[in-house]
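In the numbering used here, the protein residues as written are 1 to 266.
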């Protein structure tokens with residue numbers, strides 16, 4: 001193992017005590033609280049998903065205080081799952097933490113072994129190859145969760161394919177594919193072929209996501225920022241038109257556009 005400088009952490013003992021405190025509280029809640037006693041691994045799944053999205057919102061807002069709170073909520077869920085699994089004699093929190101530590105060591109051979117990886121891309125490629133061997137997947141894409149939202153799934157598919165060398169060389173090539181897909185979609189849509197147009201629109205989105213990756217843009221974050229921008233401007237349109245006694249449902253597009261242009265300048 002290469003020599004690694006230890007991170008100076010004056011609060012390490014305090015952090016360990018805080019984690020032990022959470023484990024103790026989880027034990028108490030599981031034994032004494034009617035709601036906590038009733039929960040199962042399946043019953044809190046949807047709550048975990050909700051907490052994850054709340055963390056995502058806080059990250060997009062760059063709200064560090066809210067990120068701290070949401071990380072606490074997610075940490076609680078992780079401890080909760082481990083406690084319930086321990087009751088079933090399946091695994092406990094020590095197994096979880098040792099498992100992820102072992103995985104990190106195994107997937108970073110450029111740190112803990114003699115493998116060379118001098119840039120980010122080399123690290124990613126090593127990671128995907130090791131992951132493929134670990135999981136025994138028959139396909140490189142076998143590790144992409146089926147339930148991922150389509151946009152995020154596209155990102156992961158493309159990352160995994162790149163990890164084994166299946167990728168374009170230059171972003172100009174990818175943009176050429178985008179333009180090709182635009183034309184194919186336009187042709188099918190103008191012909192009134194709804195099923196084929198839908199397929200081509202999917203191809204177009206996939207190509208745009210691919211180009212975003214080459215341009216160093218996270219398409220999920222970019223789209224969410226646009227969503228938030230649209231909501232802010234539309235809320236302004238509603239509020240300002242209401243101040244002037246107008247009903248948005250009775251306004252023309254031209255009237256609404258006056259407020260929209262003002263909102264863009266805010």
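Even glycine gets a Cβ: it sits at the ideal position worked out from N, Cα and C.
Quick check: residue i and residue j, are their CB atoms within less than 9 Å of each other?
| i | j | result |
| --- | --- | --- |
| residue 236 | residue 266 | yes |
| residue 200 | residue 220 | no |
| residue 248 | residue 241 | yes |
| residue 78 | residue 96 | yes |
| residue 223 | residue 141 | no |
| residue 51 | residue 67 | no |
| residue 36 | residue 30 | yes |
| residue 184 | residue 203 | yes |
| residue 190 | residue 196 | no |
| residue 22 | residue 76 | yes |
| residue 262 | residue 255 | no |
| residue 154 | residue 206 | yes |
Relative to the C-alpha of residue i, which residue among the options is closest?
| i | options | result |
| --- | --- | --- |
| residue 81 | 101, 42, 70 | 42 |
| residue 225 | 26, 40, 62 | 62 |
| residue 177 | 233, 29, 210 | 210 |
| residue 243 | 205, 194, 229, 259 | 259 |
| residue 19 | 9, 72, 10, 40 | 72 |
| residue 26 | 92, 112, 117 | 92 |
| residue 49 | 198, 147, 15, 111 | 147 |
Could you tell me whether any non-hydrogen atom of the ligand COA is closer than 8 Å to the CB of residue i?
| i | result |
| --- | --- |
| residue 110 | Absence of the ligand COA from the depicted structure is noted, as is the absence of any ligand whatsoever, leaving it without description. |
If contacts are defined as beta-carbon pairs under 8 Å, then residue i and residue j qualify, I think. What distance do you get, rounded to the angstrom?
| i | j | result |
| --- | --- | --- |
| residue 171 | residue 215 | 6 Å |
| residue 107 | residue 130 | 5 Å |
| residue 158 | residue 213 | 6 Å |
| residue 70 | residue 87 | Contact flag wrong, Cβ pair sits at about 26 Å. |
Quiz item: Do three or more CB pairs link the stretch 146 to 163 to the stretch 120 to 135 at distances below 8 Å?
Solution: yes
Self-check item: Validate contact between the stretch 51 to 67 and the stretch 102 to 121 using beta carbons, cut 8 Å, 3 pairs
Solution: no
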